[in-house]
Amino acid sequence: MTKSKIALVTGGSRGLGREMALNISKKDIDVIITYNSDQQSANTVVAEIEKSGRKAKAFQLDTSNTKGFEDFFKRTSAYLTAEYGSPNFDFLINNAGTGLHQPFSETNEDQFDEMLNIHFKGVYFLTQKALLYINNDSSIINISSGLTRFSFPGSSAYASMKGAIEVFTRYLAKELGSRKIKANVVAPGAIATDFGGGTNRDDQEKRQIIANITALGKVGEAEDIGGIVAFLCTDEARWINGQRIEVSGGMLL
Ligand code: NDP
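Taking the working numbering, I'd label the letters of the sequence shown as residues 10 to 262.
Here it is as structure tokens:
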């Protein structure tokens, strides 16, 4: 019997991460998800994956706090070793994150640091720690945003960190190639989730504006993103490396 592949999805309890976890499990890959505060939603995702016959487990992790990363990997290693006989896994999906809508002139240092810690510093050092456990011939997928290609007022701090992640991903691809570890960015357009106060889902005026600037004429759904991340975890995607894949239905083409 071949050994199961295992994916670690941060922020897998809700929104895009939830859809990534569910879609990855449909590729016959076991899944570890993390949540920050919403354990109940995380448990629901785990139960749904287990119902379909794959293994899944949820762990608490604040990705903005690098001091917690060692303990996090201790907990995941203990679980993986008990379940699979090895602490290693195959796919790291850096997805967890929150938004910030604030004009540049009013963005304060605390808000900037929050964006920095969640979207850049946390991803950078979680990935560094993960190198001890991620198998060779594996894959890292970092979630960016359409906002690195096009600009809307109010996203300077958030989008700058996502831009940093895109540069970081190219360096990962370059430096980890010798281990056959691939690194790619998935950059979603506007998607209807809880993100940013849920405005892409609930604010009808905003939804109409997004629809008008999107070639496919609507706001994206979480299901529009999960499958592409799952695809990047398959053997068919083995030659995609160091790329930014925008998944936006053609926003602002
Ligand atoms: P949601 O708000 O729906 O879900 C956010 C997820 O991240 C939850 O699982 C949440 O955990 C987790 N999370 C939030 N803060 C932290 C933290 N400090 N530490 C660990 N986990 C945390 O957002 P989306 O699913 O929409 O967004 C996911 C990613 O996609 C983000 O990186 C976002 O920047 C990006 N993105 C989103 C777009 C959109 O329009 N929705 C567009 C482009 C990119 P918990 O449930 O415990 O709170």
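Note that CB positions come from ideal geometry on N, CA and C, so glycine has one too.
Looking at the DSSP output, K66 sits in a beta bridge with I41. Each of S86, H128 and K130 was checked against the Cα of L141, and the nearest Cα belongs to S86. Between the stretch 168 to 181 and the stretch 190 to 205 there are three or more C-beta pairs closer than 8 Å, enough to call the two in contact. With fewer than 16 other CB atoms across the displayed protein chains lying within 10 angstroms of its CB, G94 is exposed. K83 and N74 have their C-alpha atoms some 16 Å from each other. Counting every other CB atom within 10 Å of its CB across the protein chains shown gives F100 a total of 16 or more, marking it as buried. Bridge partners of E175 according to DSSP: none are assigned. The stretch 67 to 94 is shown to contain whole alpha helix (DSSP H) runs of 4 or more residues at 78 to 93, in chain order. When C-alpha distances from I222 are compared across L261, G186 and A231, the shortest belongs to L261. DSSP places N52 inside the alpha helix (DSSP H), whose first and last residues are Q48 to K60. Taking non-hydrogen atoms of the ligand NDP into account, the C-beta of G226 is found less than 7 Å away from none of them. Rounded to the nearest angstrom, the gap between the Cα atoms of L225 and E214 is 18 Å. DSSP, read as helix, strand or coil, puts R27 in helix. Spanning the alpha carbons of E57 and E245 requires a straight line of approximately 26 Å. With a cutoff of 7 Å, T72 counts as near the ligand NDP, since its C-beta is closer than that to a heavy atom of the ligand. The shortest CA-to-CA distance from G106 to any of R23, L31 and N32 is the one to R23. Counting along the chain, no beta strand (DSSP E) covers F134; the unbroken alpha helix (DSSP H) around it starts and ends at G131 to A139.
For N221, the uninterrupted alpha helix (DSSP H) run begins and ends at Q213 to N221, by DSSP. Residue environment analysis places S165 among the buried positions, since at least 16 neighbouring C-beta atoms fall within 10 angstroms of its C-beta. Taking a cut-off of 8 Å for Cβ pairs, the stretch 32 to 43 and the stretch 60 to 69 touch, as three or more such pairs fall below it.
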